[in-house]
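**Q** One line per chain: the protein sequences are A and B, in this order.
At position 137 of the first sequence (counting the first as 1) the number is 137 in our numbering, and the numbers step up by one without a gap.
At position 59 of the second sequence (counting the first as 1) the number is 59 in our numbering, and the numbers step up by one without a gap.
Beta carbons are placed, not taken as given, at the ideal position from N, Cα and C, and that holds for glycine.
From a predicted model like this one, the values you see are computed outputs, not experimental measurements.
Number of protein chains: 2
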Amino acid sequence: MDTPKAKRVTIADVSEASGMSKAAVSLILNNKPGTRLSVEATERVRAAAKELGYRPNVAAQSLRSGKTRTLGLISDQVTVTRFASEMITGILSAAEKRDHTVLIAETFGKPDQLVEAIEQMAHRDVDGLILGFMDSRRRDLKLPQTGLPTVLVNGLDESPSVAVLPNEAMSGAQAVQRVLESGARSVALIGALEGAEKDPETYPSISRRFASLRGALAESSLEVLGNWVLEDWNPTDGYAATTQMLAEGFRPDAIICANDRVAMGVFQALAEKGLVPGEDLSVLSFDDEIIASYLRPRLTSIRLPYEKMGALAVDLLLDRKLEPGEHQIDMPLIERDSMKGE
Amino acid sequence: MDTPKAKRVTIADVSEASGMSKAAVSLILNNKPGTRLSVEATERVRAAAKELGYRPNVAAQSLRSGKTRTLGLISDQVTVTRFASEMITGILSAAEKRDHTVLIAETFGKPDQLVEAIEQMAHRDVDGLILGFMDSRRRDLKLPQTGLPTVLVNGLDESPSVAVLPNEAMSGAQAVQRVLESGARSVALIGALEGAEKDPETYPSISRRFASLRGALAESSLEVLGNWVLEDWNPTDGYAATTQMLAEGFRPDAIICANDRVAMGVFQALAEKGLVPGEDLSVLSFDDEIIASYLRPRLTSIRLPYEKMGALAVDLLLDRKLEPGEHQIDMPLIERDSMKGE
DNA sequence: GTCATGTGCTAAATGCATTTAGCGGATTCT
DNA sequence: AGAATCCGCTAAATGCATTTAGCACATGAC
Chain A
1 MDTPKAKRVT IADVSEASGM SKAAVSLILN NKPGTRLSVE ATERVRAAAK
51 ELGYRPNVAA QSLRSGKTRT LGLISDQVTV TRFASEMITG ILSAAEKRDH
101 TVLIAETFGK PDQLVEAIEQ MAHRDVDGLI LGFMDSRRRD LKLPQTGLPT
151 VLVNGLDESP SVAVLPNEAM SGAQAVQRVL ESGARSVALI GALEGAEKDP
201 ETYPSISRRF ASLRGALAES SLEVLGNWVL EDWNPTDGYA ATTQMLAEGF
251 RPDAIICAND RVAMGVFQAL AEKGLVPGED LSVLSFDDEI IASYLRPRLT
301 SIRLPYEKMG ALAVDLLLDR KLEPGEHQID MPLIERDSMK GE
Chain B
1 MDTPKAKRVT IADVSEASGM SKAAVSLILN NKPGTRLSVE ATERVRAAAK
51 ELGYRPNVAA QSLRSGKTRT LGLISDQVTV TRFASEMITG ILSAAEKRDH
101 TVLIAETFGK PDQLVEAIEQ MAHRDVDGLI LGFMDSRRRD LKLPQTGLPT
151 VLVNGLDESP SVAVLPNEAM SGAQAVQRVL ESGARSVALI GALEGAEKDP
201 ETYPSISRRF ASLRGALAES SLEVLGNWVL EDWNPTDGYA ATTQMLAEGF
251 RPDAIICAND RVAMGVFQAL AEKGLVPGED LSVLSFDDEI IASYLRPRLT
301 SIRLPYEKMG ALAVDLLLDR KLEPGEHQID MPLIERDSMK GE
């Protein structure tokens with residue numbers, strides 16, 4: 001029908017072409033140490049392999065070795081926010097560097113889909129599993145016992161596990177530092193989430209972010225204006241809090257926002273009063289979502305380093321660094337136009 | 001070291017446990033038609049397989065059949081915008097429905113990386129290839145001859161190929177229809193891209209979007225105000241055009257924006273003049289990126305249906321519908337708060 | 001009773017790469 | 001010279017599922 005039977009080149013073909021046995025070919029092409037094959041033989045084989053365009057059959061290799069050179073990524077959400085995509089990018093490039101490929105599945109946050117996906121992956125004999133989460137809660141994952149080496153990215157399990165998290169313990173201090181450099185004397189903190197902040201076991205990232213923030217604030221000379229607790233971290237929430245704050249007569253030199261979506265609402269409220277971030281006051285935020293660069297002026301934000309987190313997960317898996325515990329990645333401050341000073 | 005040798009359950013184990021041959025087990029478990037095995041035998045085998053938790057070894061199956069039940073997705077960008085993620089979601093669920101898994105690679109738009117990725121995928125014996133693009137230009141892809149069935153999503157090749165595109169030929173008419181329903185008499189079209197609009201061969205989506213828009217506008221009773229050509233489709237461009245438009249005294253009943261990023265800039269310019277979309281005038285946009293729902297008021301937008309496009313690509317591949325040509329997916333209008341009427 | 005069919009099932013080949021045990025010849029040691 | 005060692009290389013086993021050819025027995029036709 002199609003091409004006249006584009007037969008696959010196998011090791012047998014290379015063996016025949018080079019006049020050596022299949023065993024010799026395999027030994028040579030895999031650079032096995034301790035073998036005693038002659039230089040000419042080695043060269044003949046390599047030449048023949050190249051000539052024929054030989055590529056070992058991955059299925060056959062897997063069948064023999066039990067290894068697939070494939071990693072599984074199971075994410076709760078691929079679709080929303082820049083995070084999942086960036087994590088995927090990090091994982092993809094790290095895996096490619098080490099000659100592995102990546103199988104992807106998505107659970108939409110449903111526990112049974114997670115189990116299903118894990119079993120799928122186990123069935124496909126992946127060499128390791130990465131579980132990615134879009135919000136870093138601690139969950140009771142109830143992972144099926146597959147024996148697969150597993151790393152969680154941006155999440156924790158009730159059971160001990162290997163986890164990669166953003167270094168939120170430093171993030172707040174960094175923010176306060178930058179606010180001080182802006183020359184501010186007073187600051188408003190918009191976006192505490194009451195439940196989350198007081199439950200560090202369940203919400204490691206949020207609680208650490210705020211603990212770090214409040215600790216640094218307390219040690220600083222900054223005057224903290226009001227206490228702006230939100231229901232949620234959406235633009236509407238930031239907008240409402242800021243409108244209220246301005247109506248109550250507060251006029252901070254700087255605003256620290258819980259995240260970029262909150263900051264977006266803050267920007268809108270400020271714009272309505274003719275206040276321009278970066279000129280009339282400073283605004284600093286967390287996460288560095290895509291909207292941070294869309295906003296006018298562009299938003300300075302402390303970035304969630306998903307790409308590096310994904311890459312580290314791959315390395316941990318492939319280097320067999322699998323003692324349960326947390327690995328943390330620093331969060332860089334992405335300087336744009338919403339902060340005064342510097 | 002680990003578990004005491006968690007040996008894999010093979011077909012031989014099932015064979016032994018059920019007292020039937022391996023051949024019989026394979027025949028039964030695969031529901032081969034035309035076989036004449038007794039009902040009791042069939043049941044014994046199924047019971048044994050279930051009991052032991054037998055799962056066929058994928059590598060062995062692939063080795064035998066030459067099929068891997070794996071699809072390759074190569075995307076130029078996973079990281080930016082919601083599109084790639086959504087395409088991945090569509091592909092993932094469609095593939096899962098048909099019991100296939102998906103291998104993913106990213107090229108960052110670099111042609112040599114594309115070739116590299118395709119060869120990787122071919123080497124891994126994927127059953128089909130999906131090439132995803134974030135902006136739908138026609139490109140000279142120079143695909144290596146792998147013989148792999150291939151579908152392009154949101155892109156075209158110079159050579160004939162199977163492609164899935166959004167149905168932009170309808171999108172403009174739909175937009176104009178909605179603007180008429182809003183009760184508008186006049187409209188401004190913000191965001192023509194001169195080069196792209198006049199080069200339908202290279203920019204099928206943009207040119208069709210605008211051709212459709214202009215055609216429908218000409219047939220309608222609407223007065224079209226000004227001609228707002230942009231350099232690029234970023235918030236800044238939309239902001240600048242709108243500011244200028246308002247300064248020149250234009251005051252359209254409705255604004256149609258080239259895409260959501262442009263609309264974001266339009267919103268900012270309107271806000272500065274105290275104009276509220278959905279109340280003082282209507283704003284309609286294209287793409288339905290995440291920011292569309294972040295904006296205040298939330299932006300009504302005609303959606304790029306990436307998820308369905310991805311899913312269709314999978315079906316085309318698995319159904320072997322591979323005659324070169326275009327498949328189009330309708331673009332739904334996502335109603336939110338920025339349009340009057342209805 | 002004999003030949004032809006039908007029935008239920010299995011042995012063995014196959015796909016491909018990897019790895020171990022070991023063969024035959026050359027060299028070195030005693 | 002005979003034994004021990006080394007060298008360069010290969011035959012064959014292995015991993016697992018699928019599929020084809022065909023075996024042994026039962027049933028039916030004449």
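Return the residue from the list L270/A, A271/A, K321/A and G265/A that minimises the CA-CA distance to S161/A.
**A** Residue K321/A is the option with its Cα nearest to S161/A.
**Q** Would you verify that the beta carbon of Q244/B is, or is not, closer than 9 angstroms to some beta carbon of chain A?
**A** With 9 angstroms as the cut-off, Q244/B does not count as an interface residue toward chain A.
**Q** Please state whether the Cβ-Cβ distance between D127/B and T70/B is less than 9 angstroms.
**A** Yes, Cβ-Cβ distance for D127/B and T70/B is below 9 angstroms.
**Q** If you drop the 5 nearest sequence neighbours on each side, which residues of the same chain put their C-beta closer than 7 angstroms to that of R209/B?
**A** Only E168, S171, G172 and F286 meet the Cβ criterion.
**Q** Nearest CA to the CA of A188/B: which residue from L281/B, S85/B, G147/B and E96/B?
**A** Ranking the options by Cα distance to A188/B, first place goes to L281/B.
**Q** Per DSSP, what kind of secondary structure is F286/B in: helix, strand or coil?
**A** Strand, per DSSP.
**Q** Of all the options R98/A, L92/A and D140/A, which has the alpha carbon lying nearest to the alpha carbon of E201/A?
**A** Comparing Cα positions, the closest option is D140/A.
**Q** Alpha carbon to alpha carbon, what distance is there between A184/A and M245/A?
**A** Roughly 17 angstroms between the two C-alpha positions.
**Q** Taking Cβ-Cβ distances shorter than 8 angstroms, what residues in chain A pair up with M264/B?
**A** Within chain A, the residues near M264/B are Y294.
**Q** Pick out whichever of L180/A, T242/A, Q120/A and P111/A has its Cα sitting closest to the Cα of G341/A.
**A** Cα-wise, what sits closest to G341/A is L180/A.
**Q** What residue from E289/A, G19/A and A192/A has the CA that sits closest to R214/A's CA?
**A** Nearest C-alpha to R214/A: A192/A.
**Q** If you run the structure through DSSP and keep just helix, strand and coil, what is H100/B?
**A** Note: H100/B maps to coil in three-state DSSP.
**Q** How do the segment 119-137 of chain A and the segment 49-62 of chain B stand: do at least 3 beta-carbon pairs fall below 8 angstroms, yes or no?
**A** At 8 angstroms Cβ cutoff, the stretches touch.
**Q** Do A59/A and A60/B have their CB atoms nearer than 9 angstroms?
**A** Going by C-beta atoms, A59/A is nearer than 9 angstroms to A60/B.
**Q** Residues of chain A with CB under 8 angstroms from E279/B, in chain order?
**A** Result: empty, since nearest Cβ-Cβ is about 15 angstroms, beyond 8 angstroms.
**Q** For P33/A, count neighbouring C-beta atoms within 10 Å of its own C-beta (all shown protein chains included) and say buried if the count is 16 or more, exposed if not.
**A** Exposed is the call here.
**Q** Mapping the DSSP letters down to three states, classify D127/A as helix, strand or coil.
**A** Three-state DSSP puts D127/A in coil, outside helix and strand.
**Q** Over the uninterrupted beta strand (DSSP E) stretch that includes T150/B, give me the two end residues.
**A** Unbroken beta strand (DSSP E) run through T150/B: T150 to V153.
**Q** Can the beta-carbon of I329/A be found less than 9 angstroms from the beta-carbon of L284/A?
**A** No, the Cβ-Cβ distance between I329/A and L284/A is not below 9 angstroms.
**Q** In chain order, what are the residue ranges of uninterrupted alpha helix (DSSP H) at least 4 long that sit wholly in the segment 106-192 of chain A?
**A** Runs of the alpha helix (DSSP H) inside the segment 106-192 of chain A: 111-123 and 168-181.
**Q** Using a Cβ-Cβ cut-off of less than 9 angstroms, give me the residues of the segment 229-256 of chain B that come near chain A, in sequence order.
**A** Within the segment 229-256 of chain B, the qualifying residues are N234, P235, T236 and Y239.
**Q** Would R261/B pass as an interface residue toward chain A - the criterion being a Cβ-Cβ separation below 9 angstroms?
**A** By this cut-off, R261/B is an interface position.
**Q** Does any C-beta atom of chain A lie closer than 9 angstroms to the C-beta of D125/B?
**A** Yes, because at least one Cβ of chain A sits closer than 9 angstroms to the Cβ of D125/B.
**Q** Does the pairing of the segment 22-42 of chain B with the segment 91-98 of chain B give three or more beta-carbon distances under 8 angstroms?
**A** Verdict: no, contact absent.
**Q** Against E51/B, what residues of chain A qualify as contacts under a CB-to-CB distance less than 7 angstroms, listed in chain order?
**A** Within 7 angstroms Cβ-Cβ: nothing; E51/B doesn't reach chain A, min ~17 angstroms.
**Q** Beta-carbon separation of L131/A and L103/A under 9 angstroms?
**A** For L131/A and L103/A, no; Cβs fall outside 9 angstroms.
**Q** Hey, M309/A and V78/A are a contact pair by Cβ (cut 8 angstroms); roughly how many whole angstroms apart?
**A** With 8 angstroms as the limit, M309/A and V78/A do not qualify as a contact, their Cβ atoms being about 16 angstroms apart.
**Q** Do the CB positions of I190/A and A241/A come within less than 9 angstroms of each other?
**A** In contact: I190/A and A241/A (Cβ atoms closer than 9 angstroms).
**Q** So, is the C-beta of D2/B closer than 9 angstroms to a C-beta in chain A?
**A** Bear in mind that the predicted position of D2/B carries a pLDDT of just 35, short of 50, making it unreliable; the figure below should be weighed with that in mind. Cβ-Cβ to chain A under 9 angstroms: yes for D2/B.
**Q** Is the shortest distance between the beta-carbon of L284/A and the beta-carbons of chain B less than 9 angstroms?
**A** Answer no: the Cβ-Cβ gap between L284/A and chain B never drops below 9 angstroms.
**Q** If P297/B and G278/B are in contact, beta carbons under 8 angstroms, what's the gap, nearest whole angstrom?
**A** Indeed they touch by this definition, with Cβ atoms about 5 angstroms apart.
**Q** Quick one: using the 10 Å Cβ neighbour count with 16 as the cut-off for buried, is R174/B buried or exposed?
**A** Here residue 174/B is Gln; the residue named in the question, Arg, does not match the sequence. Label assigned to Q174/B: buried.
**Q** Within 9 angstroms (strictly less), CB to CB, does I291/A reach chain B?
**A** Chain B contact via Cβ: present.
**Q** So, is S65/A buried or exposed, given that buried needs 16 or more other C-beta atoms within 10 angstroms?
**A** It counts as exposed.
**Q** Using the beta-carbon count (16 or more within 10 Å), is E307/A buried or exposed?
**A** It is buried - the Cβ of E307/A has at least 16 other Cβ atoms within 10 Å.
**Q** In the DSSP assignment, the beta strand (DSSP E) including L73/B goes from what residue to what residue?
**A** Start and end: T70 to S75.
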